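One line per chain: the protein sequences are A and B, in this order.
If you count the first sequence from 1, position 3 lands on 3 in UniProt numbering, and the numbers rise without skipping.
If you count the second sequence from 1, position 456 lands on 456 in UniProt numbering, and the numbers rise without skipping.
Think of the CB as a built atom: it goes at the ideal place given N, C-alpha and C, for glycine as much as any other residue.
Given the structure is predicted, the values throughout are model-derived calculations rather than measurements.
A quick write-up on the structure given underneath.
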Amino acid sequence: MKQMIVPKQAAALLVLLLTALPGGSLAAGPVVKGQVARTSKHATQGITCAQCHGKAAKKSVVAMQQCLGCHGDTKELAARTAQVKPTNPHENRHFGTEADCNRCHHEHATSENLCLPCHLRFGFKVP
Amino acid sequence: MSQDHFQEDQETDQYTKQTIENGFSRRSFLSRAAGGAAAAGLFGLSSLPAAAAGPTKTKDLEFATSTDGGATLSFLPKPKPIRDREIAETLTFDVVVVGAGASGVPAALSAAENGAKVAVIQKAPFALSQGNTGSGVDLATSEKAGIEALVARLIADSNHRCNPKLIRQWAYHSGEAVRWVIDRARQGGSPVVDQGSPAQRAILKVNGYSMGYVTSFFGPKPYTTGDGMRHLAKTAEKAGVRFFYRTPAVQLVQNKAGEVLGVIAKGPNGKYTKFLAKKGVILATGDYQNNKAMSDYFVPDVKHLERKQLDKTGDGFALAYWAGGVIEPIGHTKMLHDFDAGPASMCDMPFLAVDRKGRRFVNETVEMSLLNNYLRDAENAGHYSQIFDSNYMTQAATWPGKLVPPEGLKNYMPDDPSPKKGVFESQVNTHVADTIEELARKLEADPAILVATVKRYNEVVASGKDSDFGKPADRLIPVVKAPFYGIHRRVRVSAICSGMLVDENHQALNAEGKPIKGLFLIGNLGGGFYGGVDYPLTVFGLSLGRCYTFGYLTGKHVAKL
Ligand SMILES: Cc1cc2nc3c(=O)[nH]c(=O)nc-3n(C[C@H](O)[C@H](O)[C@H](O)COP(=O)(O)OP(=O)(O)OC[C@H]3O[C@@H](n4cnc5c(N)ncnc54)[C@H](O)[C@@H]3O)c2cc1C
Chain A
1 MKQMIVPKQA AALLVLLLTA LPGGSLAAGP VVKGQVARTS KHATQGITCA QCHGKAAKKS
61 VVAMQQCLGC HGDTKELAAR TAQVKPTNPH ENRHFGTEAD CNRCHHEHAT SENLCLPCHL
121 RFGFKVP
Chain B
1 MSQDHFQEDQ ETDQYTKQTI ENGFSRRSFL SRAAGGAAAA GLFGLSSLPA AAAGPTKTKD
61 LEFATSTDGG ATLSFLPKPK PIRDREIAET LTFDVVVVGA GASGVPAALS AAENGAKVAV
121 IQKAPFALSQ GNTGSGVDLA TSEKAGIEAL VARLIADSNH RCNPKLIRQW AYHSGEAVRW
181 VIDRARQGGS PVVDQGSPAQ RAILKVNGYS MGYVTSFFGP KPYTTGDGMR HLAKTAEKAG
241 VRFFYRTPAV QLVQNKAGEV LGVIAKGPNG KYTKFLAKKG VILATGDYQN NKAMSDYFVP
301 DVKHLERKQL DKTGDGFALA YWAGGVIEPI GHTKMLHDFD AGPASMCDMP FLAVDRKGRR
361 FVNETVEMSL LNNYLRDAEN AGHYSQIFDS NYMTQAATWP GKLVPPEGLK NYMPDDPSPK
421 KGVFESQVNT HVADTIEELA RKLEADPAIL VATVKRYNEV VASGKDSDFG KPADRLIPVV
481 KAPFYGIHRR VRVSAICSGM LVDENHQALN AEGKPIKGLF LIGNLGGGFY GGVDYPLTVF
541 GLSLGRCYTF GYLTGKHVAK L
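As structure tokens, then:
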């Protein structure tokens, strides 16, 4: 398997995210066989496909609950980003604190800013 | 015409007949798809070989492709049966409302006030809607002839294609319903006010007859009807309505006879709950503007235009279609606005208007709500700018609308540091500059093109006659004195207002024109109220007013069944 190349910025962010994980139970380690999608940021931290997608032969779409299992409560996340300008992306009038993580943060594709283009000047950088 | 035919005419009105004949239902679609040539005609393809145009050969003939192959009926996928063992819980109510928006919350409260045990299942984490103004007719201060004249005006606004019975129903019940919404929302803590007749200046007289209005205003921004429906939901909860949030409806429960018995919804934990409804299910899921394939099919005009809502995927359409309901024929009514980039009161003032690049494109007396028709292409995508110079306060003083002085315009300028009030900060887009080039850059237009446009426009103005677009001479004012102003508007899809066939009880009708027992459709999911190319702005707040009214009436009706 080819070595994953993680841009410095992304690596730093990952560290940030992972340090935020409760319990810190997800030790980085070798990845199982050729299973890891090369696009996965999580993979570089030793997280296997099955940890998110389940063990069944037919891989299921990852529900938001799965993200929260490691990354913690949505309200806590919203509190942590309360000062983000021009507005808190994790607490908004469309979804409150319950926007599905996957709407912006993609694991196997470039993440996107759902607020744009409706909200001009909400130029968030989405990790 | 035979005697039989004549009698049938009297039984079924024109609107309903048309919709059954040309709309989309499982029955009409299947029967038309069965004949190759007929299917080709359905998609306007009679000149192409039927094989290329006909429905895709799936075994159930569930999907069909359009001429360009881009749109398919797969936007209405047949629901996969959910087995009983997949259902985690079954709950029984009298009335189940699907969707907590401008029609759903009023319907739920109204049903509860009429004695029903009510559940609301809602996709979002709370009640959700949009807009500020919702209106009704005040019967006490309106002449009967005025009400009928207004009804006639609204029918004409719909190019005479709507169901007149539904317009009349709004006209004669909306005052009561809108007042009720105001009162009950206030009980929940809402600052909503009745702006009354002054908010409807242009229609205080219709055909010379006097009219009065109830105009609910959930505002000012950023407070909207979304917040309003959350306040109304508080009152509903107190009245005993149970709300289930983050619980989208995925399937209707029907018996063999086609009667709707309930809804299956998926909760935040991923588990299914079956909600049984002893009296009826009221679908109030809004429009389908975020379902791209479905929009491209029914309203191709808005293919390149941006959306104002999120997650309106037409879920209710799919549910009701598979239960036997009929979707209104292609050519649905659309609503596109921009009241936010600059003052709403100046949006219809006929200043020089230029497209995204900076070219003049229209006789500017055309209202903002119709400009989308000129800006439908991918390049313009609804963007245009209104341009005027520093003499506007005096030179446009007599135009209809209301001018906002330069100091007030700062409230709409993202580059001005002044604190903003009563606007969405992320939507304002008004600019001021000392030169046209600089203004063009701020408006994201092409400076050279805008300079040339302004030069040409000033020539036209100087000549006293608009030889380019025919705008009346008293609407021609030059753009010469710095600083120059520009409002960069972008009309986006507020709503799609066509829906599915209902009768006056808002009960869904099937392709035979028979009511589907247990199924009611309100809000933008309900059909028959519009029919024109664009939503009319004759009554400001007609859309929300109609949603409240039909929610109020339907909740009451179903509770009493
Ligand atoms: C920015 C903006 C401004 C507007 N301003 C005005 C105005 O001032 N005056 C006016 O008259 N009109 C206005 N409109 C139009 C008006 O808001 C709509 O026509 C109206 O809200 C439609 O009401 P509804 O009940 O059909 O749908 P909505 O109010 O949109 O409610 C539908 C609800 O159903 C829920 N839902 C959807 N699918 C499901 C599902 N599967 N299960 C459960 N729940 C579901 C949604 O979450 C939503 O809460 C405006 C629209 C926009 C976008």
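Extent of the continuous alpha helix (DSSP H) to which I121/B belongs:
Locating residue 121/B in the second sequence gives position 121, where the first residue counts as 1. Counting along the chain, I121/B falls outside any alpha helix (DSSP H), though it belongs to the beta strand (DSSP E) covering V118 to I121.
Looking at the strands, I want to know which residues DSSP matches up with M335/B.
Reading the second sequence from its first residue, position 335 is the one you call residue 335/B. According to DSSP, M335/B bridges with A495/B.
Could one say the Cβ of T97/A lies closer than 9 Å to chain B's Cβ atoms, at least one of them?
Position 97 of the first sequence, counted from the start, is the residue given in the question as residue 97/A. Cβ-Cβ to chain B under 9 Å: yes for T97/A.
Taking contact to mean at least 3 C-beta pairs separated by less than 8 Å, is the stretch 442 to 451 of chain B in contact with the stretch 354 to 365 of chain B?
yes
Between the C-alpha atoms of residue 576/B and F126/B, what's the straight-line distance to the nearest angstrom?
Not covered by the structure: residue 576/B. The range shown for chain B is 1 to 561.
Under the rule that 16 or more other beta-carbon atoms within 10 Å means buried, what is L114/A, buried or exposed?
Position 114 of the first sequence, counting from 1, holds the residue named residue 114/A. Buried, by the Cβ-count rule.
Neighbour list for P117/A in chain B, Cβ cutoff strictly below 7 Å
Residue mapping note: residue 117/A aligns to position 117 of the first sequence, counting from 1. The answer, in chain order, is E306.
Could you list the residues in the stretch 49 to 83 of chain A with a C-beta less than 8 Å from some C-beta on chain B, going in chain order?
Listed by position, the residues of the stretch 49 to 83 of chain A near chain B (Cβ gap below 8 Å) are A63 and Q65.
In angstroms with no decimal places, state the Cα-to-Cα distance between N255/B and P81/B.
If you number the second sequence from 1, residue 255/B lands on position 255. If you number the second sequence from 1, residue 81/B lands on position 81. Those two C-alpha atoms are separated by around 13 Å.
Taking 8 Å as the line, does the beta carbon of V309/B fall inside it for any heavy atom of ligand 1?
Looking up residue 309/B in the second sequence gives position 309. As written in the sequence, residue 309/B is Gln, which differs from the Val given in the question. It does: the Cβ of Q309/B is within 8 Å (strictly closer) of some heavy atom of ligand 1.
Along chain B, which residues have their Cβ under 7 Å away from the Cβ of F122/A?
Along the first sequence, one-based indexing puts residue 122/A at 122. Neighbours of F122/A on chain B, chain order: S426.
CB-CB under 6 Å to T92/B, same chain, minus the five flanking residues each way: which ones, in chain order?
For the purposes of this step, residue 92/B is taken as the residue at position 92 of the second sequence. These residues qualify, in order along the chain: L276.
If C101/A and C67/A are in contact, beta carbons under 8 Å, what's the gap, nearest whole angstrom?
Walking along the first sequence from the start, residue 101/A turns up at place 101. Walking along the first sequence from the start, residue 67/A turns up at place 67. Rounded to whole angstroms, the Cβ separation of C101/A and C67/A is 5 Å, and the two are in contact under 8 Å.
Contact check, N22/B vs D287/B, beta carbons under 9 Å
Position 22 of the second sequence, counting from 1, holds the residue named residue 22/B. Position 287 of the second sequence, counting from 1, holds the residue named residue 287/B. Cβ atoms of N22/B and D287/B: not closer than 9 Å.
Is the beta carbon of T215/B sitting closer than 9 Å to the one on S110/B?
As a first step, residue 215/B is located in the second sequence; it is residue number 215 there, counting from the start. As a first step, residue 110/B is located in the second sequence; it is residue number 110 there, counting from the start. S110/B sits away from T215/B, with the two beta carbons spaced by 9 Å or more.
Touching by the beta-carbon criterion (3+ pairs, under 8 Å), the stretch 183 to 197 of chain B and the stretch 219 to 232 of chain B:
yes
T247/B: CB within 8 Å of a non-hydrogen atom of ligand 1:
One-based indexing of the second sequence puts residue 247/B at position 247. At least one heavy atom of ligand 1 is nearer than 8 Å to the Cβ of T247/B, so yes.
Any non-hydrogen atom of ligand 1 within 8 Å of N291/B CB
On the second sequence, residue 291/B is found 291 positions in, with the first residue counted as 1. No, since every heavy atom of ligand 1 falls outside the 8 Å radius drawn around the Cβ of N291/B.
Any heavy atom of ligand 1 closer than 8 Å to the beta-carbon of Q200/B?
Numbered from its first residue, the second sequence carries residue 200/B at position 200. No.
Given this structure, state the Cα-to-Cα distance separating residue 563/B from L544/B, to the nearest angstrom.
Because chain B spans 1 through 561 in this model, residue 563/B falls outside it and cannot be assessed.
Please go through the stretch 123 to 183 of chain B and give each complete beta strand (DSSP E) segment of 3 or more residues, from N-terminal end onward.
133 to 137
Taking a cut of 9 Å between CB atoms, which residues from the stretch 108 to 142 of chain B lie near chain A?
A124, P125, F126 and L128
Confirm the yes/no value for this check: CB of K234/B, any heavy atom of ligand 1, distance under 8 Å.
Within the second sequence, residue 234/B is the residue found at index 234, counting from 1. No, the beta carbon of K234/B sits no closer than 8 Å to any heavy atom of ligand 1.
Near G551/B, which residues of its chain fall below 6 Å by C-beta distance, leaving aside the five closest residues on each side in sequence?
Reading the second sequence from its first residue, position 551 is the one you call residue 551/B. Closer than 6 Å at Cβ, skipping near neighbours: S103, P106, A107 and I522.
Three-state class that DSSP yields for F388/B in the structure shown:
Position 388 of the second sequence holds residue 388/B. Three-state result, F388/B: strand.
Run of the beta strand (DSSP E) containing Y412/B, from where it starts to where it stops:
Counting from 1 along the second sequence, the entry for residue 412/B is found at position 412. Per DSSP, Y412/B belongs to no beta strand (DSSP E) and is neither H nor E.
Output the distance between the C-alpha atoms of E444/B and F484/B, rounded to the nearest integer angstrom.
Counted from its first residue, the second sequence places residue 444/B at position 444. Counted from its first residue, the second sequence places residue 484/B at position 484. Those two C-alpha atoms are separated by around 15 Å.
3-residue-minimum beta strand (DSSP E) runs that sit fully inside the stretch 477 to 532 of chain B, ordered along the chain
484 to 490, 492 to 496, 507 to 509 and 515 to 521
So which residues on chain A does G270/B lean against when the C-beta distance must stay under 8 Å?
By one-based count along the second sequence, residue 270/B stands at place 270. The contacting residues are A63 and Q65.
In chain order, what residues of the same chain lie with their CB nearer than 6 Å to the CB of V84/A, ignoring the 5 residues before and after it?
Counting from 1 along the first sequence, the entry for residue 84/A is found at position 84. Nothing meets the Cβ criterion.
Output yes or no for whether 9 Å exceeds the beta carbon distance between A323/B and G99/B.
As a first step, residue 323/B must be located in the second sequence, where it is residue number 323. As a first step, residue 99/B must be located in the second sequence, where it is residue number 99. Result no, Cβ atoms of A323/B and G99/B do not sit closer than 9 Å.
Interface residues of chain B facing H106/A [CB-CB closer than 7 Å]:
Numbered from its first residue, the first sequence carries residue 106/A at position 106. Going along chain B, no residue has its Cβ under 7 Å from H106/A, so there is no contact; the nearest lies around 17 Å.
Compare the C-alpha of R179/B against each of R490/B, T133/B and N207/B and name the closest.
Taking the second sequence and counting its residues from 1, the one referred to as residue 179/B is at position 179. When only C-alpha atoms are compared, the closest one is T133/B.
Pairwise C-alpha distance: T394/B and V479/B
Position 479 of the second sequence, counting from 1, holds the residue named residue 479/B. Position 394 of the second sequence, counting from 1, holds the residue named residue 394/B. Answer to the nearest angstrom: the Cα atoms are 13 Å apart.
Look at the Cβ atom of residue 598/B, then the Cβ atom of S74/B, and state whether they are nearer than 9 Å.
Since the first and last residues shown for chain B are 1 and 561, residue 598/B lies out of range.
Quick check on the burial criterion: 16 or more other C-beta atoms within 10 angstroms. Buried or exposed for P343/B?
For the purposes of this step, residue 343/B is identified with residue 343 of the second sequence, where counting begins at 1. Around the Cβ of P343/B, a 10 Å sphere holds 16 or more other Cβ atoms; the residue is buried.
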